[in-house]
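Report on the following structure.
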Amino acid sequence: MVPSSVGYAHSELNKATPSPNSQYDSSPSEIRLIFSERLENGLYRIIVLDTKGNAVTDAKTELSQDQREISLALPSLPDGLYTTSYKVISADGHPIRGSYIFIVGQTEGQFSDEQGNNISNNVHDHANGGTGNNFWFYMARFVYYVSLLVLIGLLFWLNVWKLDGTVLSNLRKTWIHSILIALLVSFVITMLYHIESIFQQEDNFEDLIQFFSGTTVGITWLFTLGLTLIGFACLQRNKWIDLAWIVLITTTEALNGHPMGFTPELQNVVLDFVHIITGAIWAGGLIYVYLQKRFIQDKWMLFLPVFSKVALISILTLVVTGTAITLAFIPDIDYLIYSLWGILLLIKITLVLVVVLVGILLRNQMRKKQQKHISTLLKIDTCLMLLILVIVGIFTMIKPLPSNNSLEWTELSINQNVNVSIAPNTPGVENQIKVKVWMPDSVKQDPKQVLMYLHFTDRSEDVAPIEVKFNLEENAVSELIYPGFMPHSYISNGSYLPFAGKWEVEVRVMDPDDNETVYRRSMRLFKQ
4 MVPSSVGYAH SELNKATPSP NSQYDSSPSE IRLIFSERLE NGLYRIIVLD TKGNAVTDAK
64 TELSQDQREI SLALPSLPDG LYTTSYKVIS ADGHPIRGSY IFIVGQTEGQ FSDEQGNNIS
124 NNVHDHANGG TGNNFWFYMA RFVYYVSLLV LIGLLFWLNV WKLDGTVLSN LRKTWIHSIL
184 IALLVSFVIT MLYHIESIFQ QEDNFEDLIQ FFSGTTVGIT WLFTLGLTLI GFACLQRNKW
244 IDLAWIVLIT TTEALNGHPM GFTPELQNVV LDFVHIITGA IWAGGLIYVY LQKRFIQDKW
304 MLFLPVFSKV ALISILTLVV TGTAITLAFI PDIDYLIYSL WGILLLIKIT LVLVVVLVGI
364 LLRNQMRKKQ QKHISTLLKI DTCLMLLILV IVGIFTMIKP LPSNNSLEWT ELSINQNVNV
424 SIAPNTPGVE NQIKVKVWMP DSVKQDPKQV LMYLHFTDRS EDVAPIEVKF NLEENAVSEL
484 IYPGFMPHSY ISNGSYLPFA GKWEVEVRVM DPDDNETVYR RSMRLFKQ
């Protein structure tokens, strides 16, 4: 059973061989871990420790060609309990760590499955999922996105719609410089938070060097840092330098995030590049309107018609590219309501629709030359832009796809109690299914029969129910204790859930007197 994941995970462990809490008669030849998304080509590691905490091998961890699997060759292991600990970085830059236990041969004091599951889950770690300073982390990300988009947009408009020399010099010395400082500080804070979540006490300086030289995330961070520092000396000196800087920093931003975790990567990066540029033109244009209104009160209305047309094109482009990116991330549009990422995206879409409405009202007031109403609408537009960037700062850190959480389901009655678990609850991988049945102490026999049928309800007319046959677990121990009841545990391993979609789990328990009780539970599995 694969350790369960939390909401901040971006790539998830789909399959582990040996599986967590499994027992082997003889030593397995390797550890093989398969993940739901592509991994970074650098800083991946599997360590296997014996009961003394010593590594059983110094062999190198290997990454598969499709960058979704890592493996570690094992020597012949003597009987005993072993801990597998892994660490990878998903293609969108988020660290995934976890540990689990397996047994070779017969050992004394073997742990129960529930104990093993707790071990696996407690050590599972994800970027910023467990830090107590999330507020400051997301504040830094918000400031970073505001600074980045406003700076790119301002540079665009300063080169397209030039101001007189005095005003331009003032903007260069104050606003551009101040925004660069905000960009640098917020980026460094964000980067330090990421580094803290990626590197642990066992990591060394070589790991840090490998991260910044061998991963896309690390390299793009160095480029972003370098371009920001270069900006202090070069920006607003030459039109072509400004445009080159815009292209380079937008490219590094597009290469660092969700687009790199989904295929085709190049298409996603291009879409994200256009999305960032158009968003910056709109956001920077709003600030440019404010600056013109402040510094050249008699001419700022001349800029509004131009900005209004370009902003409309930008918003439409944002809608098109945002839709294309979303469809690249999720296989079905209704997935949006099943994840925090999707809910935040729906809120963002709603805010964009309000922006379009404000734009329509703004154009109407421009025709009437109602400066007071225009100023109010521009303030509303700016507030909407800031709200959208708050959402962007959060949902860029959240996995787009809904997670397939392990199924844990309990039914209680006076005649018998039943607990059902399926993990990982993911289509297309090996699933471990357990059914625990508690019979009254007065019933001295095991249940006569325990069966499970998995109904694929999306196509029930075409796909017959999949039958799961169980083996009785000998010496199984349960944390769940019901006074007056005796537990009986059944287990089955196999790829029982081949499709994503809606399923119904049907469990049939027949007691020694041939009385059958049927339990049903619906669930939905998501493509990964």
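Going by the working numbering, 456 is the number at position 453 of the sequence shown; the sequence numbering is gapless.
Idealized CB from N, CA, C, for every residue including glycine.
Beta-carbon contacts of residue i that lie in its chain and below 6 Å, excluding the five residues immediately before and after
{"i": "MET442", "result": "GLN419 and MET489"}
{"i": "THR324", "result": "LEU274, VAL277 and HIS278"}
{"i": "SER30", "result": "SER79, LEU80 and VAL107"}
{"i": "THR413", "result": "ASN422"}
{"i": "GLN113", "result": "Below a pLDDT of 50, predicted positions are generally treated as unreliable, and GLN113, at 48, falls in that range; the measurement from the model is reported next regardless. Cβ within range, chain order: n/a, list empty."}
{"i": "VAL521", "result": "ARG511"}
{"i": "GLN448", "result": "PRO515"}
{"i": "GLY504", "result": "ASP461"}
Secondary structure of residue i, DSSP reduced to three states
{"i": "ASN418", "result": "coil"}
{"i": "LEU410", "result": "strand"}
{"i": "LEU500", "result": "coil"}
{"i": "ARG144", "result": "helix"}
{"i": "ILE467", "result": "Looking at the sequence shown, residue 467 is not Ile but Ala. ALA467 falls in the coil class under three-state DSSP."}
{"i": "GLY83", "result": "strand"}
{"i": "ASN271", "result": "helix"}
{"i": "PRO78", "result": "coil"}
{"i": "GLU15", "result": "coil"}
{"i": "TRP139", "result": "helix"}
{"i": "ALA62", "result": "coil"}
{"i": "PHE473", "result": "coil"}
{"i": "LYS90", "result": "strand"}
{"i": "TYR103", "result": "strand"}
{"i": "ARG370", "result": "helix"}
{"i": "GLU509", "result": "strand"}
{"i": "THR520", "result": "strand"}
{"i": "GLU72", "result": "strand"}
{"i": "LEU238", "result": "coil"}
{"i": "THR20", "result": "strand"}
{"i": "LEU42", "result": "strand"}
{"i": "ILE233", "result": "helix"}
{"i": "SER67", "result": "coil"}
{"i": "LYS176", "result": "helix"}
{"i": "TRP164", "result": "coil"}
Extent of the continuous beta strand (DSSP E) run through residue i
{"i": "HIS458", "result": "452 to 459"}
{"i": "ARG35", "result": "33 to 38"}
{"i": "ILE50", "result": "48 to 52"}
Residue i burial status per 10 Å Cβ neighbour count (16 or more: buried)
{"i": "SER39", "result": "buried"}
{"i": "THR177", "result": "exposed"}
{"i": "TYR11", "result": "Residue placement at TYR11 cannot be trusted, given a pLDDT of 42 that sits under 50; the coordinates are not used to answer."}
{"i": "GLN435", "result": "buried"}
{"i": "LYS90", "result": "buried"}
{"i": "SER463", "result": "exposed"}
{"i": "ILE212", "result": "exposed"}
{"i": "PRO501", "result": "exposed"}
{"i": "SER93", "result": "buried"}
{"i": "TRP303", "result": "buried"}
{"i": "ARG240", "result": "exposed"}
Check: residue i C-beta below 7 Å from any heavy atom of the ligand SAM
{"i": "ILE363", "result": "Looking for the ligand SAM in the displayed structure turns up nothing, as the structure carries no ligands at all."}
Boundaries of the alpha helix (DSSP H) in which residue i is found, first to last residue
{"i": "PRO308", "result": "303 to 332"}
{"i": "PHE398", "result": "374 to 398"}
{"i": "HIS261", "result": "Counting along the chain, HIS261 falls outside any alpha helix (DSSP H), and DSSP gives it neither H nor E."}
{"i": "LEU339", "result": "Counting along the chain, LEU339 falls outside any alpha helix (DSSP H), and DSSP gives it neither H nor E."}
{"i": "SER189", "result": "180 to 201"}
{"i": "GLN213", "result": "208 to 217"}
Own chain residues within Cβ distance below 7 Å of residue i, not counting five before or after
{"i": "VAL453", "result": "VAL438, VAL440, PHE473, TYR493 and VAL512"}
{"i": "LEU258", "result": "THR219, THR223 and VAL272"}
{"i": "ILE350", "result": "ILE394"}
{"i": "VAL432", "result": "ASN17, LYS18 and SER498"}
{"i": "VAL313", "result": "ILE284 and GLY288"}
{"i": "SER495", "result": "ILE436, VAL471, LYS472, PHE473 and ASN474"}
For residue i, the residue or residues it bridges with in DSSP
{"i": "MET489", "result": "MET442"}
{"i": "ALA426", "result": "GLN435"}
{"i": "LEU567", "result": "Nothing in the structure corresponds to residue 567, since the chain is present only between 4 and 531."}
{"i": "ILE494", "result": "LYS437 and ASN474"}
{"i": "GLN26", "result": "ILE106"}
{"i": "PRO98", "result": "ILE92"}
Cβ neighbours of residue i in the same chain (closer than 8 Å, five flanking residues each side left out)
{"i": "LEU66", "result": "LEU42, ASN44, TYR47, GLU72 and ILE73"}
{"i": "MET388", "result": "TRP285, ALA286, LEU289 and VAL358"}
{"i": "ASP384", "result": "LEU289, VAL358, VAL361, GLY362 and LEU365"}
{"i": "GLY345", "result": "ILE333, TYR338, LEU339, PRO403 and PRO405"}
{"i": "LYS382", "result": "none"}
{"i": "ASP210", "result": "LEU46 and PHE202"}
{"i": "PHE215", "result": "GLY221, ILE222, TRP224 and LEU225"}
Neighbour flag for residue i against chain C, beta carbons, 8 Å
{"i": "THR320", "result": "This model lacks chain C altogether; it includes just one protein chain."}
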